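Chains as they are written, first to last, in this note's numbering: chain R, 1 to 237; chain G, 1001 to 1135.
Every residue, glycine too, gets a C-beta built ideally from N, C-alpha and C.
Every value quoted in this text rests on a predicted model; they were computed, and no experiment measured them.
I have placed the structure first, in the form of structure tokens, so that the comments after it can refer back to it.
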Amino acid sequence: MTSTIVECHQLTKNYGKKKALNELEVAIPAGRITGILGPNGCGKSTFFRTLTGLVRPDAGRIEVLGKPPGWQNNRDIAYLPDRARWYPSHTARMALEWGNSFLPGFSMERAIQLCDYMDIDLDMRVRGMSRGQEARIMLILCLARDVQLIVLDEPFTGIDVISREAIVASLIDYLEDSEQSVLISTHDIQEVEGLFDYTVMMKEGRAIWSGSTEDLRAEYGSLRDVFRKMYMKEWNK
Amino acid sequence: MEEQQVGSLHFHIDFSQPLYEQILDQARSAIAKGEIALGDKMPSVRELAQELRINPNTVMRAYQELERDGLTEKRRGQGTYVTSSPEHVASFRTELAARYIDSFMEQMESLGLSWEDIEKYIRRKQDAAQGGLGS
């Protein structure tokens, strides 16, 4: 498949003196699970906010699903923001009902299946949930939608191993028979590196490497090793 | 490297090498060795992807190649089965043996060894193995 789902040229966004995106060049193929990898502060979240239209770039061009970002485009995108939380007073069922009434392409049946699969009690209130359980709810709100593009910003951060495994398992299950494209950003690739069939490595607002993950392995070894080498400087700071 | 068992198949996946080839090679030799019997059901793509924690597309591509090898066949709505033809497996085993010999010979030749030398090494190995059994 050669069509692209996200394309950027010279994409730039500054916050004061800090270049969050620095002439970013990237073309992400459709129908794949793409890992956007890099240490904290490398521009992953800004990139995701730009492609959902939440952040307007200072310069450059970005196309998502062949169109410029914006609210019209977002009906075809399920986005899990960084550090996403849900209303503490809601039960899981209320969160799903909210999704069912507001999110385009949401399937209640699918959401309930996912809750069952990810071991979420529908009558539990978010207030009483662990960070991992809440993260699973947020993910379910994305995965229960029939949309072309799913964007998950750091879905594995700060959650327990069980939740992490449940999330990886449901992604594998869910993606087996779907044509959807998924972008996942993470700074921690342990246990998830087998998931990505396309990889973009970011550093200081740029893509320092992008391509098929299998090519990356053939050329440089495991993602974990590559990651360690490429970001050594940051880690030693 | 992790070793994992999926049904009657064993896999060791090394994330520093392309995954597709590892799955393909390991499934091929499992069938050639008879680790999984003729006519047996293969794990589903989903099951294998789950157990190995890898992208289902990668597993699917390896399965397509196994089918092209003639080692497996898809049955509509039932999944993938190991071929029930011993001839298919035998001919694939011969092919695999030829490939192993090629790479073995290449390595030996890269050491500057002649045919006679190589034969000598093999004979010595064989004697050692038999001696070991006898004692």
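Exercise. Could you confirm whether any beta carbon from chain G is found closer than 9 angstroms to the beta carbon of A144 of chain R?
Key: Along the first sequence, read from residue 1 onward, the residue named residue 144 of chain R stands at position 144. A144 of chain R does not count as touching chain G.
Quiz item: Using a beta-carbon distance below 9 angstroms, is E97 of chain R in contact with chain G?
Solution: Against the first sequence, residue 97 of chain R aligns to sequence position 97. So, not an interface residue.
Self-check item: R115 of chain R versus P88 of chain R - alpha carbon distance
Solution: Start at 1 with the first residue of the first sequence, and residue 115 of chain R comes out as number 115. Start at 1 with the first residue of the first sequence, and residue 88 of chain R comes out as number 88. Note on identity: in this sequence residue 115 of chain R is Cys, with Arg being the wrong assignment. Rounded to whole angstroms, C115 of chain R to P88 of chain R spans 18 angstroms at the Cα level.
Exercise. Have a look at V26 of chain R and Y1081 of chain G and give me their C-alpha separation to the nearest angstrom.
Key: On the first sequence, position 26 is the one that residue 26 of chain R refers to. On the second sequence, position 81 is the one that residue 1081 of chain G refers to. Roughly 41 angstroms separates the two Cα atoms.
Quiz item: For the putative contact between L80 of chain R and C142 of chain R, defined by C-beta atoms under 8 angstroms, what is the C-beta separation to the nearest angstrom?
Solution: For the purposes of this step, residue 80 of chain R is identified with residue 80 of the first sequence, where counting begins at 1. For the purposes of this step, residue 142 of chain R is identified with residue 142 of the first sequence, where counting begins at 1. Their Cβ separation, rounded to whole angstroms, is 5 angstroms, which keeps L80 of chain R and C142 of chain R in contact under 8 angstroms.
Self-check item: chain G residues whose Cβ lies nearer than 7 angstroms to that of I33 of chain R
Solution: Looking up residue 33 of chain R in the first sequence gives position 33. Per Cβ cutoff of 7 angstroms: N1055.
Quiz item: Hey, how far is the Cα of W209 of chain R from the Cα of S1091 of chain G?
Solution: As a position in the first sequence, residue 209 of chain R is number 209, starting the count at 1. As a position in the second sequence, residue 1091 of chain G is number 91, starting the count at 1. Distance between the alpha carbons of W209 of chain R and S1091 of chain G is about 42 angstroms.
Quiz prompt | Contact list for I172 of chain R against chain G, beta-carbon separation under 9 angstroms | solution = Stepping through the first sequence from its first residue, residue 172 of chain R is reached at position 172. In chain order: R1046, A1049, Q1050, R1053, I1054, N1055 and P1056.
Quiz item: Which full runs of the beta strand (DSSP E) of 3+ residues lie inside the segment 1010-1047 of chain G, going along the chain?
Solution: None, since the segment 1010-1047 of chain G contains no complete beta strand (DSSP E) of that length.
Practice problem: Take the Cβ of Q1005 of chain G as the centre, count every other Cβ of all protein chains shown within 10 Å, and call the residue buried at 16 or more, exposed below. | Solution: Taking the second sequence and counting its residues from 1, one reaches residue 1005 of chain G at position 5. So Q1005 of chain G counts as exposed.
Practice problem: Can you say whether T1083 of chain G is buried or exposed, counting buried as having 16 or more other CB atoms within 10 angstroms of its CB? | Solution: If you number the second sequence from 1, residue 1083 of chain G lands on position 83. So T1083 of chain G counts as buried.
Quiz item: Exposed or buried, what is G1134 of chain G when buried is set at 16 or more other beta-carbons lying within 10 Å of its beta-carbon?
Solution: Position 134 of the second sequence, counted from the first residue, corresponds to residue 1134 of chain G. Interpretation of G1134 of chain G is limited by its pLDDT of 48, a score under 50 that renders its predicted location unreliable; no figure is taken from the coordinates.
Practice problem: On a CA-only basis, which of R:L223, R:D82, R:M124 and R:R56 is nearest G194 of chain R? Give me that one, please. | Solution: The residue given as residue 194 of chain R occupies position 194 in the first sequence. If we check each option's Cα against that of G194 of chain R, R:L223 comes out closest.
Exercise. Using DSSP bridges, identify the partner residues of Y198 of chain R.
Key: For the purposes of this step, residue 198 of chain R is taken as residue 198 along the first sequence, with counting starting at 1. DSSP, once it has assigned bridges, lists R:T34 and R:S212 as partnering Y198 of chain R.
Self-check item: Nearest-angstrom Cα separation, counted from E1095 of chain G out to D119 of chain R
Solution: Walking along the first sequence from the start, residue 119 of chain R turns up at place 119. Walking along the second sequence from the start, residue 1095 of chain G turns up at place 95. Taking the straight line joining both Cα atoms gives about 47 angstroms.
Quiz prompt | Closer than 9 angstroms at the beta carbon, the chain R residues around L1019 of chain G | solution = Here residue 1019 of chain G corresponds to residue number 19 of the second sequence, with the count starting at 1. Near L1019 of chain G (Cβ distances below 9 angstroms), the residues of chain R are G194, T213, E214 and R217.
Practice problem: For chain G, find out if any of its Cβ atoms is closer than 9 angstroms to the Cβ of V168 of chain R; answer yes or no. | Solution: Your numbering for residue 168 of chain R matches position 168 in the first sequence. True, the Cβ-Cβ gap to chain G drops below 9 angstroms.
Quiz item: What are the residues that DSSP puts in a beta bridge with I150 of chain R?
Solution: To locate residue 150 of chain R, count along the first sequence from 1; it is residue 150. Note: I150 of chain R sits in a beta bridge opposite R:A78 and R:V182.
Practice problem: With a 10 Å radius around its C-beta and 16 neighbouring C-beta atoms as the bar for buried, classify G99 of chain R as buried or exposed. | Solution: Working through the first sequence from its first residue, we reach residue 99 of chain R at position 99. Buried.
Exercise. Look at the alpha carbon of A84 of chain R and the alpha carbon of Q1022 of chain G, and state the distance between them as a whole number of angstroms.
Key: Counting from one through the first sequence, the residue named residue 84 of chain R turns up at place 84. Counting from one through the second sequence, the residue named residue 1022 of chain G turns up at place 22. Cα to Cα, A84 of chain R sits roughly 37 angstroms from Q1022 of chain G.
Self-check item: Proximal residues to M1 of chain R (C-beta, below 7 angstroms), its chain only, five neighbours per side dropped
Solution: Residue mapping note: residue 1 of chain R aligns to position 1 of the first sequence, counting from 1. Confidence is the limiting factor: at M1 of chain R the pLDDT is only 47, short of 50, which leaves the residue's position unreliable and the question unanswerable from this model.
Exercise. Spatial neighbours of E1047 of chain G within its chain, please: CB distance less than 7 angstroms, with the 5 preceding and 5 following residues excluded, ordered by chain position.
Key: If you number the second sequence from 1, residue 1047 of chain G lands on position 47. Excluding residues within five positions, the ones whose Cβ falls inside 7 angstroms are V1006.
Practice problem: Can you check DSSP and say which residues form a bridge with Y15 of chain R? | Solution: Indexing the first sequence from 1 puts residue 15 of chain R at position 15. Per DSSP, R:K18.
Quiz prompt | Same chain only: Cβ atoms within 6 angstroms of Q1026 of chain G, ignoring 5 sequence neighbours per side | solution = As a first step, residue 1026 of chain G is located in the second sequence; it is residue number 26 there, counting from the start. Hits under 6 angstroms: F1011.
Quiz item: In terms of residue numbering, what span does the alpha helix (DSSP H) encompassing Y1100 of chain G cover?
Solution: Here residue 1100 of chain G corresponds to residue number 100 of the second sequence, with the count starting at 1. Looking at the DSSP string, the run of the alpha helix (DSSP H) that includes Y1100 of chain G is P1086 to S1110.
Self-check item: Status (buried if at least 16 other CB within 10 Å, exposed otherwise) for Q1050 of chain G
Solution: Residue 1050 of chain G sits at position 50 when you count from the first residue of the second sequence. With 16 or more other Cβ atoms within 10 Å, it is buried.
Self-check item: Nearest-angstrom beta carbon gap, A95 of chain R and I137 of chain R [assumed within contact, 8 angstroms]
Solution: As a working mapping, residue 137 of chain R is identified with position 137 in the first sequence. As a working mapping, residue 95 of chain R is identified with position 95 in the first sequence. Contact holds; Cβ gap of about 5 angstroms.
Practice problem: Could you tell me the boundaries of the alpha helix (DSSP H) in which V161 of chain R lies? | Solution: As a first step, residue 161 of chain R is located in the first sequence; it is residue number 161 there, counting from the start. Following the DSSP letters along the chain, one finds V161 of chain R inside the alpha helix (DSSP H) bounded by residues V161 to E176.
Exercise. Assign Y1121 of chain G to buried or exposed, taking buried as 16 or more other Cβ atoms, counted over all protein chains shown, within 10 Å of its Cβ.
Key: Walking along the second sequence from the start, residue 1121 of chain G turns up at place 121. That one is exposed.
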